[in-house]
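Protein chains: 2
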Amino acid sequence: MRLETAAFQGERGAFSEEAARRLLGRRVNVLPCQRFEELFRNLTEKKVQAAVVPIENTLAGSVHENYDHLLHHDLPIVAETSVRIVHNLIAPPGVPFRNIRRVFSHPVALNQCLNFFSSHPRVERISFYDTAGSVKMIMEEKPSDGAAIASELAAKIYGAHILKRGIEDDRQNFTRFFLLEPAGAKPRTIRGAGKRPWKTSLVFSIRNIPGALFRSLGALALRDINLVKIESRPLRGKPWEYLFYLDLWGHREDKVVRNALNHLGELADFLRVLGSYRAA
Amino acid sequence: MRLETAAFQGERGAFSEEAARRLLGRRVNVLPCQRFEELFRNLTEKKVQAAVVPIENTLAGSVHENYDHLLHHDLPIVAETSVRIVHNLIAPPGVPFRNIRRVFSHPVALNQCLNFFSSHPRVERISFYDTAGSVKMIMEEKPSDGAAIASELAAKIYGAHILKRGIEDDRQNFTRFFLLEPAGAKPRTIRGAGKRPWKTSLVFSIRNIPGALFRSLGALALRDINLVKIESRPLRGKPWEYLFYLDLWGHREDKVVRNALNHLGELADFLRVLGSYRAA
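Dropping the structure here:
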């Protein structure tokens, strides 16, 4: 059994840490990174054996920064998972709910708990750089009127108390995470991946000519390969041209997917497979 | 001639104000709004006659929040423009460059001037909520060591001094803006729009069935209608399903576009045209 460490972005207790434990087991060592750049650098330099990054949320959409990082690093996607985002109101032990006047969290989390704030108008929302980091801060500074919004894991790690569970407006709030490894790492068994179907993620760019995207999707559709997702990102240095990120059903080594990738390669200026992995 | 006011998000001097003046003339009245929600509400309630919103940047990508607002409001797109983002280092008059130790601006702007910061390591980057707002702040507080990064217009409006012009890393930095009006407003003449070709923006969703996106793009491609842009956004309440925003060449009243929209309507669960306007 190898002793391994997984990097994630955020403070201890972030939803990314929850995803890392789900993918690699509850006892995996973790390395929190302040920024995604740092996480990608740590994995590229093999200071860690794996990294877990959020790629999209069902309410907020894609994490575009990470699409850009995937393009610029050769770090294959080897697994995915999806974590339901449950926001909890968290305070230092002994601080009762009636004392709370200020709530700290990441702006995205604050915006996902608007019903809570409208039914408690006495409470002020204060933006903080991180959800779990806001729990860490209130446990260090112990404001008598302050609380944080974060995961249950964050409350546990910092020894804080959950005042209200599940205060998010929308329960259909999931974040999808990728597990990345250095290129050429030995294939691993992912917990619970079982025999779930394969997905493949890729990125390509096409010349700006009529029907180019239609023809590119045809390379898949005409082979009955199904698209899961398509995402466009601006192409740096070529204003108003785009890269496309695709997720499709199938493994890159399946014959039909291989043929489709060859066909797509004929149409694309640039094509790279980011990884094949079991669907979450 | 009607006396009109255009809303934009940000402080006076924001790049959005520059876009508004370019679209509506230098002397248009403007209403700065703190948040995009407020801007959309002001236009819906006809407190202003027009609003200007950023929709994508060639480096940072789409402004997804505004795609979501376009979906939820019936405020047609009547024009577009593209503004080159020139970042300037701005200080109160009399503060020389050698004194600058702290630079305030929106995090996106700070991140677009990394070469400047690496060649001046003595200068600290400090995140602020707005580019033009950072100029307003340094002119109010007059720190002896502080500067801001913002537009030339912001320097002019607040009477500040430009210490260095064009400190952005990448000159291919453009933001595309939409001009929105209340539904049913009288068509207007947009300055400089001349006889430039028409574009149409629309949003649709499709059932999650094999080849659905391919067939949808076929409704356009098989009629030789060219796609300018495609963007996906999560469909609220339906995890891992998406809405698609498309820009195509042509006017919604062109016969071929009308046919394509009818065809797309047969395939889509939902389809709405957001507007036809002259290309920038």
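Chains as they are written, first to last, in the working numbering: chain A, 1 to 280; chain B, 1001 to 1280.
From the three backbone atoms N, C-alpha and C, an ideal C-beta is built for every residue, glycine too.
The model shown is predicted, which means the values in this text are computed figures rather than measured ones.
Counting every other CB atom within 10 Å of its CB across the protein chains shown gives B:E1141 a total below 16, marking it as exposed. Among the residues of chain B, those whose CB is under 9 Å from the CB of A:Q172 are R1236, G1237, K1238, P1239, following chain order. Here B:N1042 is near B:A1007, since their CB atoms are less than 7 Å apart. At a cut-off of 7 Å between beta carbons, A:P121 makes no contact with chain B.
In the DSSP annotation of this structure, B:P1054 is not part of any alpha helix (DSSP H); the continuous beta strand (DSSP E) holding it starts and ends at 1050-1057. Taken through DSSP and simplified to helix, strand or coil, A:T131 comes out as helix.
Of all residues in the stretch 199-213 of chain A, those with a C-beta nearer than 7 Å to a C-beta of chain B are P210, G211, L213, reading in chain order. Listed along chain B, the residues sitting closer than 7 Å to A:R233 by beta-carbon distance are G1061.
B:I1077 is outside the set of residues whose beta carbon lies under 7 Å from a beta carbon in chain A. Interface annotation, B:I1162: not in contact with chain A, CB-CB separation never under 7 Å.
For the stretch 215-228 of chain A, the set of positions with a beta-carbon nearer than 7 Å to some beta-carbon of chain B reads L217, G218, A221, D224, N226, L227 in chain order. One thing to note: A:N99 has its Cβ within 7 Å of the Cβ of A:D145. Counted as a single uninterrupted DSSP element, the beta strand (DSSP E) harbouring A:K199 occupies residues 198-206.
Per DSSP, the beta bridge partners of A:P32 are A:F8. About 19 Å separates the beta carbon of B:A1050 from that of B:L1071, a gap too long to meet the 8 Å contact definition. Here B:A1154 is buried. Its C-beta has 16 or more other C-beta atoms within 10 Å.
Contacts with chain A (Cβ-Cβ distance below 7 Å) from the stretch 1064-1090 of chain B involve H1064, listed in chain order. Against chain A, the CB of B:I1055 has no partner CB under 7 Å away; the residue lies outside that interface.
Under a criterion of Cβ atoms nearer than 7 Å, the residues of chain A adjacent to B:I1230 are, in order, L213, S232.
Pairing A:E124 with A:D170, the inter-Cα distance amounts to about 21 Å. In the structure shown, B:H1069 falls within a helical segment according to DSSP collapsed to helix, strand and coil. Of the candidates B:P1143, B:L1220, B:T1131, B:R1196, B:T1131 places its Cα closest to the Cα of B:R1012.
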